[in-house]
Ligand SMILES: Nc1ncnc2c1ncn2[C@@H]1O[C@H](COP(=O)(O)OP(=O)(O)OP(=O)(O)O)[C@@H](O)[C@H]1O
Ligand SMILES: [Mg+2]
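Put into structure tokens, the structure is as follows:
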């Protein structure tokens, strides 16, 4: 059975970094919204917070990604959605969608302190224009941290019943390649 892996965490928490590791470990299809967004629309994220157009584009990309993800899962291949997913409701919807196509569901929660988040983002902000990254201000990070709903113990325990460990959660991975690095 394939697994839908969902990356969860605030900006700078290391979702994409971990998703890149995971795509090799699980031989999964990784779908990172920011990479597609950057290729399609460039750096359209505004520091002043007026990001309605950016958000609309982002949502459209994620809708297309889900359409691809469900087809790939049905083929028996793991998929990693590198979306962020701050809202519990949003994660629940994806869990239900995964189950509807017969896939397991696994959350990868990248918990991180505010200090570490800002330290990493400050460093990463230097690469805006050179990588598929958007400039994030300290104010934006603080505002998003207030909106973020971290997965609770119940949410995380639920997935352990469905997919015991990473090794077991990697559909189709050859034994010698399926373990953690
Ligand atoms: N475990 C780690 N230890 C130290 N640095 C890390 C770690 N994980 C990621 N980083 C660094 O922190 C920065 C942010 O990581 P990354 O881009 O993976 O975060 P993200 O959660 O995907 O952020 P965003 O939501 O903005 O896409 C990067 O510069 C990355 O190299
Ligand atoms: Mg990322």
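Residue numbers (my numbering): 5 to 185. Backbone N, C-alpha and C define an ideal beta-carbon position, used for all residues, glycine too. Computed from a predicted structure; not experimentally measured.
Is the beta carbon of residue j closer than 8 Å to that of residue i?
i: residue 8; j: residue 98; result: yes
i: residue 148; j: residue 14; result: yes
i: residue 107; j: residue 11; result: no
i: residue 84; j: residue 32; result: yes
i: residue 61; j: residue 87; result: no
i: residue 18; j: residue 125; result: no
i: residue 70; j: residue 152; result: no
i: residue 22; j: residue 114; result: yes
i: residue 133; j: residue 47; result: yes
i: residue 145; j: residue 121; result: yes
i: residue 95; j: residue 154; result: no
Let me check understanding here. Comparing Cα to Cα, which of the options lies closest to residue i?
i: residue 158; options: 24, 38, 150, 92; result: 92
i: residue 110; options: 22, 162, 24; result: 162
i: residue 105; options: 81, 115, 128, 123; result: 81
i: residue 73; options: 96, 63, 58, 102; result: 102
i: residue 59; options: 41, 117, 75; result: 41
i: residue 118; options: 135, 150, 112; result: 150
i: residue 37; options: 57, 28, 67, 29; result: 67
Between which two residues does the beta strand (DSSP E) holding residue i run?
i: residue 33; result: 33–36
i: residue 120; result: Per DSSP, residue 120 belongs to no beta strand (DSSP E); it is in the alpha helix (DSSP H), 118–128.
i: residue 8; result: 7–12
i: residue 110; result: 108–113
How far does the alpha helix (DSSP H) with residue i in it reach, from first residue to last?
i: residue 56; result: 56–78
i: residue 83; result: It is not in any alpha helix (DSSP H) - residue 83 instead sits in the beta strand (DSSP E) that spans 83–88.
i: residue 24; result: 19–29
i: residue 150; result: 142–151
i: residue 92; result: 92–104
### Query
Which residues have their C-beta within less than 7 Å of a heavy atom of ligand 2, listed in chain order?
19, 20, 36, 38, 86
### Message
Measuring CB atoms only, is the region 125–140 touching the region 40–57, in the sense that at least three cross pairs come out at less than 8 Å?
### Response
yes
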